[in-house]
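Structure first, commentary second.
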Amino acid sequence: DEVTVFAAASLKTALDEIAAAWKAAGGGEVRVSYAGSSALARQIEQGAPADVFVSADLDWMAHVRDKGLVRAGTEVRLLGNAIVLVAPAGSQGPVDLADPLALAAALADGRLAMANVDAVPAGRYGKAALTALGLWRSVEAKVAQADNVRAALMLVSRGEAPLGIVYATDAAADPGVRIVARFPADSHPPIVYPAAVLAGAASPDARDLRRFSARRTPARSSRRGASSGWTSRSQTERLGRGHRDRSSR
Amino acid sequence: MGRLAGFELSAEEWTAVALSLRVAAVATLFSLPPAVGVALLLARGRFPGHAILNGLVHLPLILPPVVTGYLLLIGFGRRGVIGAALAEHLGLVFSFRWTGAALAAAVMGFPLLVRAIRLAIEAVDRRLEDAAATLGAGPGIVFATVTLPLILPGILAGAILAFAKAMGEFGATITFVSNIPGETQTLASAIYTFMQVPGGDAGVLRLTLVSIAISMAALVASELLSRRIARRIETR
Amino acid sequence: MGRLAGFELSAEEWTAVALSLRVAAVATLFSLPPAVGVALLLARGRFPGHAILNGLVHLPLILPPVVTGYLLLIGFGRRGVIGAALAEHLGLVFSFRWTGAALAAAVMGFPLLVRAIRLAIEAVDRRLEDAAATLGAGPGIVFATVTLPLILPGILAGAILAFAKAMGEFGATITFVSNIPGETQTLASAIYTFMQVPGGDAGVLRLTLVSIAISMAALVASELLSRRIARRIETR
Amino acid sequence: MTIEIAVRHAVPGFTLDVDLRLGNGLNALFGPSGSGKTTLVNVIAGLRRPGAGRIVVDGTVLHDSAAGLDLPRHRRRIGYVFQEARLFPHLDVRRNLLYGRWLRGQGGGRAEIDAVVEMLGIGSLLARRPSGLSGGEKQRVAIGRALLSAPRLLLMDEPLTALDEARKAEIMPYLERLRDESRVPILYVSHSVAEVGRLAGEMVALSGGRVVAHGPTAEVMAGLDILPGGVTAEAGVMLDAEVVGTEPEWQLTLLDTAAGRLAVPSGDLPAAGRVRLRIRARDVMLALDPPVGVSALNSLPGVVEAVVATGDSAVLLRLRCNTAVVFARVTRRSAANLDLVPGRRVHAVLKSVALDRAMISL
Amino acid sequence: MTIEIAVRHAVPGFTLDVDLRLGNGLNALFGPSGSGKTTLVNVIAGLRRPGAGRIVVDGTVLHDSAAGLDLPRHRRRIGYVFQEARLFPHLDVRRNLLYGRWLRGQGGGRAEIDAVVEMLGIGSLLARRPSGLSGGEKQRVAIGRALLSAPRLLLMDEPLTALDEARKAEIMPYLERLRDESRVPILYVSHSVAEVGRLAGEMVALSGGRVVAHGPTAEVMAGLDILPGGVTAEAGVMLDAEVVGTEPEWQLTLLDTAAGRLAVPSGDLPAAGRVRLRIRARDVMLALDPPVGVSALNSLPGVVEAVVATGDSAVLLRLRCNTAVVFARVTRRSAANLDLVPGRRVHAVLKSVALDRAMISL
Ligand SMILES: Nc1ncnc2c1ncn2[C@@H]1O[C@H](COP(=O)(O)OP(=O)(O)OP(=O)(O)O)[C@@H](O)[C@H]1O
Ligand SMILES: Nc1ncnc2c1ncn2[C@@H]1O[C@H](COP(=O)(O)OP(=O)(O)OP(=O)(O)O)[C@@H](O)[C@H]1O
Ligand code: MOO
Ligand SMILES: [Mg+2]
Ligand SMILES: [Mg+2]
């Protein structure tokens, strides 16, 4: 039987691998529709024929759950991630996030590339972290908000912006950037990608796929292993503990 | 999906190519008749709602495509007012089907199609239509035998714009019918997906080249056809 | 961004409105002369690269807007081949500036503009141009005194399409110059931002209505103007 | 069949205001440039809606402003040869020709089609598109298109202007036959007195949007001097004539008219029956005695009735020859020399070659 | 100033192949519909590039295929009145008129502009747009536009067809003055023998793309019988004439020609100087004795030289009156009756009113 997964577009690499592994392990076909979490959530609301929803953040999952569209007790935190400060590959030294002036100084008159700080999860995590670290005010006016993390990453790797905030997974995959700082995990809401079987799921395999996926996070399965930047399932569970599902914006 | 470099397409990508072609062709063909009708109304009609109709037609251009997609989702989705009615009475389902992708592409290309046809209609020498009328042709026949042949190059120009737009459109499509491989994943959405992951550039490049090749072929074909038609109706 | 409901706009939203207007207007005005030139070449020219030029012009329509934005970034960014040269020699910087948003909008609207003008040029009765030539008008003067006045309605039609497109365009814009409030955050990007947030619908609605209102006003104005011109050059 | 037209149509700076009742046959519409001929014809065809008025053709009301009636143009069955050809650029000549016929479901009539094509000399153009045709070729195709559409009224707006004399000479007899045999009434706009005189039974002269003269062509022609922009060279009378014999060895035909017997070149004239003959005042020479030893074959005795008009150097005299009126234009000096006052007996001398085919209508 | 045109231009189904050398003055281009007149004129104006050939106007090479020379059309300074008006729809009549003048930097010349506007009767149209003009009005504006563009060669393709006789009568003297005073050579396409005869010094007859006759108008006209689609009614001669006096009380002017003295209506003729007079064969009556008691004022003694052509019912005779040739068309019967064989002494009788202004060129 075929399982249809609605997944946040940034998960493509990871989920393509999981789908392949699932099939190799004797599972059925998996169709993944990659799009923005917001679009997917609205589509599920409008009766999309999806079996599993994988959101880029907890908010849109909560939105779907609040509408009663999630099958109770099927929600898991599939993957975890971290945010990092990146600079173009050839640039100088690390940036000390503890120093209240260092970030602004490193930017000089350049822009800080981020995903949209109001709308896109990566942007919101970044803004929360900067705020928690007391740096937001010093850089607020210099932020260039991209459509998504990938676009922010590209701004840095192309040298348009001297610094950017992206997922660790993105930084790891792009040789055009280097990580110049890591944000403390407690400086922002947990970065988790929740997955759930949807109330209207037609495929009985959906439940199994979800469980399978939760076991086989790319951190362990991938040949590149931990270097892909994903946090393991255990880390993910740990990170999520103690936070409300709906992060404050 | 695997293969990120190399220029052979994966099976899934071939599917996307085929789907894009089907979506673009169906979107263009099915929107032609209403576009001609609306263009006629706008070019010739003098009625109270003229400005409103004109505005409506341009709406998909004015709105960010995701908003258009969202409106389509609300209107033509399974739960949408129009979508539900169409599904019930005509068995016509758009939501999460390739037909929905075609609808989205048709809506997005509609203003381009209408404007091209309208310009062509406004360039028609109405004295020729008068002449046809004195020879016994009623309005419908005048249109079919005089106006339509004369605006064919304009229709073709509009159609090629709409087709190209349909090949490139993804904002409204992905918002309305999502990005389901084999069903609603067009070339443009596949390109978008590649753009979202690190290292997807090779995939982007590959699919973009395919998309360009197809549209170019359509463009060249339309130019040749249009030139043939134009030669026939030259007034020089 | 704050206020999600209520129909008054926040200061930031007013800024986005003003910026959108500026971007759309500049994009449309500055792309007019090259569009007329390219349309002339395509309509009248018989040269080897004809099909290629035609394809290039349609490219922004064929490509998903984010790809266009990406290409703009590569070409016209701070580090881009053209961008670096322009910045150095003309002091013209696009990256992260409203000028970049205007460039993106201009590029996206270019195929629409060119096609409308080309259709108009192809509808011009060349015998009138011949007549002007026998009266002593060289090619440039023929164009300025005969062709141009006759294609004005087509130029206007193309301009309004390009303007509307500029109001709705965001894919290429946000990819190229990102979304900096007060600098590159246009209405469309603001709407998009609201779309990404659960509960942002009221904000989407509000800004969408503003966008529609502006474009409608432009549309109505262009219709009136176009009708006045058309009345003058009626050949009936 | 009659045509009733009573319309008022105003555009800024010009008002058409006519009230006409035309009979069958070919009616000429005559008048200077800008006098409203095309406007009137457009109103009849339904291409312009008159401000007010009523148009009835053969009992069918085409338009009646008072009754709010307006027959759509395509139902009027009016053939219209436009002042500019208006050929369909996307159809070849053959399809242009057959357009109206095809719409009226009259596919057949090959013989008629062939006859029209032959008469117009457009057989070699049938597969061509209008764009490459010469001015006169376009005009001929336009004439053919209207003729073949089986109209119940034919409007022709200066149809022969771009044609050479030879071609005109071929088309005119066709129009005469059309007028007489198929009994399609024709409203014929022309600046050419020769055409009008030859073809038209009735003639309407317009000026400034108003009818300034209307009546049998002969009568109106007689008064042409007084018309605005007068065409003095063409003034004359039209006489009914009966073919009473021929002189085959000389290729002459003898006509009996109310003015007397006349010999004219036979050409394609029938050997019997009735024709009409136009005699231009300028072609009439007056002699006090019957001329002898001159080449003119025709000499009609008559009496000067009146001096109709006096110009700078010429006078127009009205003669009565037998029971008919004939006009003669002579110099004032001759009129004085010969004492051409009312009551004077004279002989109207006419060269046969001046009474050529252009002056005779069948 | 001379015009040399030697071109070959082929389109599918039609080939123009001419080799002409035209002198100053007004040259008429004459020929049936489709004979290539417009094509030739277009080639001269540069609107069609000939397949091969050479065009030289007044020493300036406009085109030379062999040398690869082709003067751009806008540098040719050729005024062109098109067969269809081609007015600029977006300009009002005034701007249409002044378009060429403005381009040539000749803003001035108010008097000339006023004269042209007056002559064409378009004063009241100046603020109008072409769309609402009548056919003849458009044509007049087009004539004005070409005249006012200060051309060094004027091409006129059937410029007067849509005009009434009165208007033609006003425009023709203007063209005569243009031809004589401003010495702008004119190539004039027309189907009207009357126009050509009056205006043209030389005449070219085309048929099927080739020159079938070319020479002084009088000579070509004399041979018109043999032209394809002959225009027998208009055959005749042109005579140079000198104004030798007037009879003011009769408004007659006396002309001395090589054929003898003739009285013609004065009209606007000058009181002295040279004019040209056309005498149509059909207007000449022959008498064996000098006529008395007739209204015709003119009688030229002469001798029959030859029977030029014989038709069904008429013959064309060449007479010698004094030193000039005059043609006369009479019926075959009269020719037999009067024994009009070569050597026969006759009198050519001509009505003065037949020698009206249309027959005289200045
Ligand atoms: N593009 C073309 N293809 C084929 N034949 C053509 C083309 N252009 C012109 N002709 C033919 O060349 C001939 C000459 O045309 P042209 O317009 O010179 O005639 P014209 O002497 O001006 O006739 P008219 O008196 O009717 O205006 C015509 O028979 C016409 O059909
Ligand atoms: N829309 C209009 N506005 C103003 N005047 C107009 C309009 N349409 C026609 N006229 C005028 O009406 C008059 C009559 O025009 P019409 O075309 O009937 O003339 P016509 O008798 O056919 O002349 P022609 O012999 O020159 O073709 C003209 O003076 C013309 O300028
Ligand atoms: O209008 Mo778009 O930005 O081509 O999908
Ligand atoms: Mg008219
Ligand atoms: Mg011609």
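So the sequences go chain by chain: A, B, C, D and E.
Per the numbering used here, residue 26 is the first one in the first sequence, and the count goes up by one each step.
Per the numbering used here, residue 103 is the first one in the second sequence, and the count goes up by one each step.
Per the numbering used here, residue 103 is the first one in the third sequence, and the count goes up by one each step.
Per the numbering used here, residue 6 is the first one in the fourth sequence, and the count goes up by one each step.
Per the numbering used here, residue 6 is the first one in the fifth sequence, and the count goes up by one each step.
Cβ coordinates follow ideal geometry from the N, Cα and C atoms, glycine included.
Residue i at chain D interface by Cβ criterion, 8 angstroms
i: arginine 334 (chain E); result: yes
i: threonine 236 (chain B); result: yes
i: arginine 115 (chain E); result: no
Short Cβ contact (8 angstroms threshold) for residue i with residue j
i: alanine 286 (chain D); j: arginine 362 (chain D); result: no
i: serine 313 (chain B); j: leucine 289 (chain B); result: yes
i: valine 320 (chain E); j: valine 331 (chain E); result: no
i: valine 309 (chain E); j: proline 296 (chain D); result: no
i: alanine 145 (chain B); j: glutamate 224 (chain B); result: yes
i: glycine 241 (chain D); j: serine 40 (chain D); result: no
i: arginine 106 (chain D); j: alanine 132 (chain D); result: no
i: threonine 249 (chain B); j: valine 226 (chain B); result: yes
i: valine 194 (chain E); j: aspartate 169 (chain E); result: no
Cβ of residue i within 8 angstroms of any chain C Cβ
i: arginine 330 (chain B); result: no
i: asparagine 106 (chain A); result: no
i: proline 150 (chain B); result: no
i: tyrosine 193 (chain E); result: no
Residue i classed as buried or exposed, judged by whether at least 16 other C-beta atoms fall within 10 angstroms
i: alanine 72 (chain D); result: exposed
i: glycine 128 (chain D); result: exposed
i: tryptophan 85 (chain A); result: buried
i: aspartate 273 (chain E); result: exposed
i: asparagine 173 (chain A); result: buried
i: proline 113 (chain A); result: buried
i: aspartate 232 (chain B); result: buried
i: leucine 302 (chain E); result: buried
i: glutamine 117 (chain A); result: exposed
Closer than 8 angstroms to chain E by CB, residue i
i: valine 122 (chain D); result: no
i: serine 187 (chain D); result: no
i: leucine 327 (chain C); result: no
Contact with chain B by residue i, beta-carbon distance below 8 angstroms
i: serine 80 (chain A); result: no
i: glycine 72 (chain C); result: Because chain C spans 103 through 338 in this model, residue 72 (chain C) falls outside it and cannot be assessed.
i: proline 213 (chain C); result: yes
C-beta neighbour in chain A for residue i, strict 8 angstroms
i: leucine 161 (chain B); result: no
i: methionine 269 (chain C); result: no
i: arginine 181 (chain B); result: yes
Interface residues of chain F facing residue i [CB-CB closer than 8 angstroms]
i: glutamate 224 (chain B); result: No chain F is part of this structure, whose protein chains are labelled A, B, C, D and E.
Of all the beta strand (DSSP E) runs that stay within the bounds of the region 180 to 228 of chain E, which reach a length of 3 or more residues?
191 to 194, 207 to 212, 215 to 221
Tell me which residues pass a beta-carbon proximity test against ligand 4: closer than 7 angstroms to any heavy atom, given in chain order.
Neighbourhood of ligand 4, defined by CB distance below 7 angstroms to any of its heavy atoms: D:Lys42, D:Thr43, D:Gln88, D:Asp162, D:Glu163, D:Val194, E:Ser139, E:Gly140, E:Gly141, in chain order.
Considering only residues of the region 61 to 143 of chain D, which uninterrupted beta strand (DSSP E) runs meet the minimum length of 3 residues and lie entirely inside it, listed in chain order?
65 to 69, 83 to 86
As an exercise, report each continuous alpha helix (DSSP H) stretch of at least 4 residues that is fully enclosed by the region 17 to 50 of chain E, in chain order.
42 to 50
Runs of beta strand (DSSP E) lying entirely within the region 38 to 63 of chain A, each at least 3 residues, in chain order:
55 to 60
Of all the alpha helix (DSSP H) runs that stay within the bounds of the region 159 to 192 of chain A, which reach a length of 4 or more residues?
161 to 164, 174 to 182
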